Amino acid sequence: MCKKKILKILKKHIILTVITIMCTLFISFTSFSLVKTKLNENKVYKNIYIDNLNLSKLSKEEVKYKLHKYYNEKLKNINVNFYFGEFKEIINAKDLGIYYNIDKISDEIINLGKTGNIVQDTISRLNILLNSKSLTFYPIDNNNKLDYKVKEIASLINKDMIDSSIKFVGENIKFTKSSIGYKVDEALLKEILLESINSNINSSSTINIKIPVNILKPSLPNEILEKFKIIGTYTTSLGNSSENRKNNLKLFTQSLNTKIIFPNEIFSADKISGHRTIAKGYKPAPGFIGDKIVQVPAGGICQGVTTLYNATLYADLEIVERASHSLIVRYAPMGRDATISDGTVDFKFKNNKSYPIIIQTYTNNDIVRANIWGIKENANREIVIDVKHLSPKSCETYKYTYEKGVLIKKEIISRDKYK
Numbered sequence: 242m243c244k245k246k247i248l249k250i251l252k253k254h255i256i257l258t259v260i261t262i263m264c265t266l267f268i269s270f271t272s273f274s275l276v277k278t279k280l281n282e283n284k285v286y287k288n289i290y291i292d293n294l295n296l297s298k299l300s301k302e303e304v305k306y307k308l309h310k311y312y313n314e315k316l317k318n319i320n321v322n323f324y325f326g327e328f329k330e331i332i333n334a335k336d337l338g339i340y341y342n343i344d345k346i347s348d349e350i351i352n353l354g355k356t357g358n359i360v361q362d363t364i365s366r367l368n369i370l371l372n373s374k375s376l377t378f379y380p381i382d383n384n385n386k387l388d389y390k391v392k393e394i395a396s397l398i399n400k401d402m403i404d405s406s407i408k409f410v411g412e413n414i415k416f417t418k419s420s421i422g423y424k425v426d427e428a429l430l431k432e433i434l435l436e437s438i439n440s441n442i443n444s445s446s447t448i449n450i451k452i453p454v455n456i457l458k459p460s461l462p463n464e465i466l467e468k469f470k471i472i473g474t475y476t477t478s479l480g481n482s483s484e485n486r487k488n489n490l491k492l493f494t495q496s497l498n499t500k501i502i503f504p505n506e507i508f509s510a511d512k513i514s515g516h517r518t519i520a521k522g523y524k525p526a527p528g529f530i531g532d533k534i535v536q537v538p539a540g541g542i543c544q545g546v547t548t549l550y551n552a553t554l555y556a557d558l559e560i561v562e563r564a565s566h567s568l569i570v571r572y573a574p575m576g577r578d579a580t581i582s583d584g585t586v587d588f589k590f591k592n593n594k595s596y597p598i599i600i601q602t603y604t605n606n607d608i609v610r611a612n613i614w615g616i617k618e619n620a621n622r623e624i625v626i627d628v629k630h631l632s633p634k635s636c637e638t639y640k641y642t643y644e645k646g647v648l649i650k651k652e653i654i655s656r657d658k659y660k
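Under the numbering used here, the very last position in the sequence shown is 660; numbers go up by exactly one each time.
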C-alpha cells in the first residue's frame, strides 16, 4: 500500500517536471523568436530566393538594388519578334515598357514570415529554414508605353474589310471587288506578351509572338458571287394598270431589290419595304378592303408580293408566312397570289440554302419581275406548281419536286377560298 502511494507521488513529480521543462523551452524559444524577429525586422530571412538569386539576410535597400540590377539585366536580354503574315518587327522588352514593380516585390520579400502572430511566424520561419523558398514574380507594363506600341503595331496591320457592292443590269448581276479585313486583338496581344516574357525571363533568346488578328470576311465574297445564277423567277403583267399603280409597284420593287438573305435568315416583305406612305412617294390606287375595291395609299403593291412569292416557290425556298387576297386577282392564277398590309399581313420566307441569296425585283414596261439569285445546289432538281380547283372560288395549290425527271416529293402548299 505504501509502495503504491510512493509511486503515485513520483509519477506526479515526473509529470510536473516535464511540464515545467516544456514551458521553459517554449518561453525560451518564444523569447528567442522575438529577439530574432526584432533583429531581422528589416532583413530577409535565410533561404529565400528569386529563381537562383539568393536574397538571404539582405536589407530592403539591398534587395531593391539587387532586384533592380537582376531584372534590368534579364529584360535587356529579351527581344520580342512580333509577326503576322509579311509583317515583322523586333523590339527589346524594356522598350515596350515592361518592368517589375521592385518596391512591391521588395516589401513582399522582406515581410515573408513576419505578417502573422508569433506562432504563425515561427512556423513560417522554420518552414523557410528547412525548405528553401524560391519566389516567382510577374512583369507588369507601363500602360501608356505598351499601349502606344501595341496600337502602333495594330495600325500597320489593321485593314478595313470591303464588301461587294451589288447591282443588276437587266438579267445580269454586277459586283465590285471584295477583300478581307484584319483587326488586331490588342488586349490579347498584351496578355500573350506578358506571359511570354514571364516564362522566358531566364532565357536570353528572342521570343517569337504571332500577333493575334481577327480576320474580317466579306459577307458575300467574290468567289461566291461569281457562281450566282437565277434559281427562281416569275413574271406578272401590269396590263392596263394606272400610272399611280405603276408608280407604287416601281417604288415597292425598288425597296426589295438587291436585298441579301443569308442562310437560315427569314425575309419579311413588310419589314424590308417599310411603311408605304404618301410621304414616301406612294400614291392612291385600287386595292382590296374586305370584298371591295377602293382607292388606298400604295394600292397595287400586292402584285409585287405575288410575283416574289412565285419566284421563291420555284427557287425551292421555305415559305414562312403567306396570305391570299379576299378576292381573285387578275395578274396571277387563283391560289398563286400573296398579299401584304402594313403591320398586319406579311409575306415571309426563309433561306433554307447553304449560301446567301439575292432578290432582284423590278418593273419594266408592262411587267413585274422577280428573280432569286443564288447557287443552284442541285442542278437535276425541278419544281412544278399546280393548282387544283375545288370550286369557282376555292382551290388547293401543290408543289411537285422532280429529280432527273422522277417525282420525289409532292406537297400541298395552300388551300385558299375567295369571295
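The beta carbon of each residue, even a glycine, is placed where N, CA and C say it ideally should be. Owing to the predicted nature of the structure, the values given are computational and were not obtained by experimental measurement.
- [ ] Put residue 648 into one of helix, strand or coil per three-state DSSP.
- [x] Here the question's residue 648 lines up with position 407 in the sequence shown. It is a strand residue.
Task: Cβ neighbour criterion (16 or more within 10 Å) applied to residue 552 - done: Translated into the one-based positions of the sequence shown, residue 552 becomes position 311. Under this definition residue 552 is a buried residue.
TODO: Check whether the Cβ atoms of residue 301 and residue 348 lie closer than 9 Å to each other.
DONE: The residue you call residue 301 lines up with position 60 of the sequence shown. The residue you call residue 348 lines up with position 107 of the sequence shown. Against a cut-off of 9 Å, the Cβ pair of residue 348 and residue 301 comes out as a contact.
TODO: Take the Cβ of residue 638 as the centre, count every other Cβ of all protein chains shown within 10 Å, and call the residue buried at 16 or more, exposed below.
DONE: Counting from 1 along the sequence shown, the entry for residue 638 is found at position 397. In summary, residue 638 is buried, with 16 or more beta-carbon neighbours lying within 10 Å of its beta-carbon over all protein chains present.
Open item on the list: Using C-beta distances below 6 Å, list every residue in its chain close to residue 449, excluding the 5 sequence neighbours before and after it, in chain order.
Closed with: For this step, residue 449 is matched to residue 208 along the sequence shown. For residue 449, where only same-chain residues beyond five positions count, the Cβ hits under 6 Å are 322.
TODO: Please indicate yes or no: does the CB of residue 620 lie closer than 8 Å to some heavy atom of the ligand FMN?
DONE: Absence of the ligand FMN from the depicted structure is noted, as is the absence of any ligand whatsoever, leaving it without description.
Task: Three CB pairs or more closer than 8 Å across the stretch 502 to 519 and the stretch 583 to 599 - done: Result yes; three or more Cβ-Cβ pairs closer than 8 Å.
- [ ] Helix, strand or coil for residue 643, going by three-state DSSP, please let me know.
- [x] Along the sequence shown, one-based indexing puts residue 643 at 402. DSSP places residue 643 in strand when its eight states are reduced to three.
TODO: Name the two residues that bound the continuous beta strand (DSSP E) containing residue 423.
DONE: In the sequence shown, the residue the question calls residue 423 occupies position 182. For residue 423, the enclosing beta strand (DSSP E) has its first and last residue at 422 to 425.
Task: Selection from 491, 499, 531 that minimises the alpha carbon distance to residue 517 - done: Along the sequence shown, read from residue 1 onward, the residue named residue 517 stands at position 276. Comparing Cα-Cα distances from residue 517 to each of 491, 499, 531, the minimum goes to 491.
- [ ] In angstroms with no decimal places, state the Cα-to-Cα distance between residue 241 and residue 532.
- [x] Since the first residue shown for the chain is 242 and the last is 660, residue 241 is missing from the structure and cannot be characterised.
TODO: Note down the Cα distance separating residue 652 from residue 403, rounded to an integer number of angstroms.
DONE: Looking up residue 652 in the sequence shown gives position 411. Looking up residue 403 in the sequence shown gives position 162. In this structure, the straight-line span from the alpha carbon of residue 652 to that of residue 403 is close to 42 Å.
Open item on the list: For residue 376, report the span of its beta strand (DSSP E) as first-last.
Closed with: The count along the sequence shown starts at 1 and reaches residue 376 at position 135. Annotation for residue 376: the continuous beta strand (DSSP E) segment containing it runs 374 to 376.
Open item on the list: Here's a check: name, in chain order, each residue in its chain whose Cβ is nearer than 8 Å to the Cβ of residue 381, leaving out the five neighbours to either side.
Closed with: For this step, residue 381 is matched to residue 140 along the sequence shown. Only 339, 340, 341, 342, 435 meet the Cβ criterion.
Open item on the list: Quick test of your reading: residue 453 and residue 429, contact by CB under 8 Å. State the CB separation rounded to the nearest angstrom.
Closed with: Translated into the one-based positions of the sequence shown, residue 453 becomes position 212. Translated into the one-based positions of the sequence shown, residue 429 becomes position 188. The Cβ separation is near 5 Å, so the contact holds.
Task: residue 580 and residue 547 closer than 9 Å at C-beta - done: As a working mapping, residue 580 is identified with position 339 in the sequence shown. As a working mapping, residue 547 is identified with position 306 in the sequence shown. Yes, these two residues count as a Cβ contact at 9 Å.
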